[in-house]
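In the numbering used here, the protein residues as written are 18 to 93.
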């Protein structure tokens, strides 16, 4: 199994509720994800109900770039 590429994404979200009386609370959430693009099916196949991988490959090919392998899989 060859790793064709890998990447990481980081995000954050702040939940804030402030009342007119001046009371409120804040909770910070850190959201990190690591993804690998593979040419062979991994042991744990991620659930992809939105078909995100195929849409990403479609945009890649529409931009005139060649597909890195015939079959593509990802590992999250």
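Beta carbons: idealized from backbone N, C-alpha and C, even for Gly.
Spatial distance of residue i from residue j (CA atoms)
i, j, result
"residue 67", "residue 48", "20 angstroms"
"residue 30", "residue 93", "20 angstroms"
"residue 23", "residue 90", "12 angstroms"
"residue 63", "residue 70", "11 angstroms"
"residue 80", "residue 61", "30 angstroms"
"residue 74", "residue 20", "16 angstroms"
Distance CB(residue i)-CB(residue j) smaller than 8 angstroms
i, j, result
"residue 141", "residue 56", "The question about residue 141 has no answer here: the residues shown for the chain are numbered 18 through 93."
"residue 51", "residue 25", "yes"
Candidates the options, of which the one nearest residue i by Cα
i, options, result
"residue 28", "61, 21, 20 and 46", "46"
Sequence-distant residues of the same chain with beta carbon closer than 8 angstroms to residue i, five excluded per side
i, result
"residue 77", "84"
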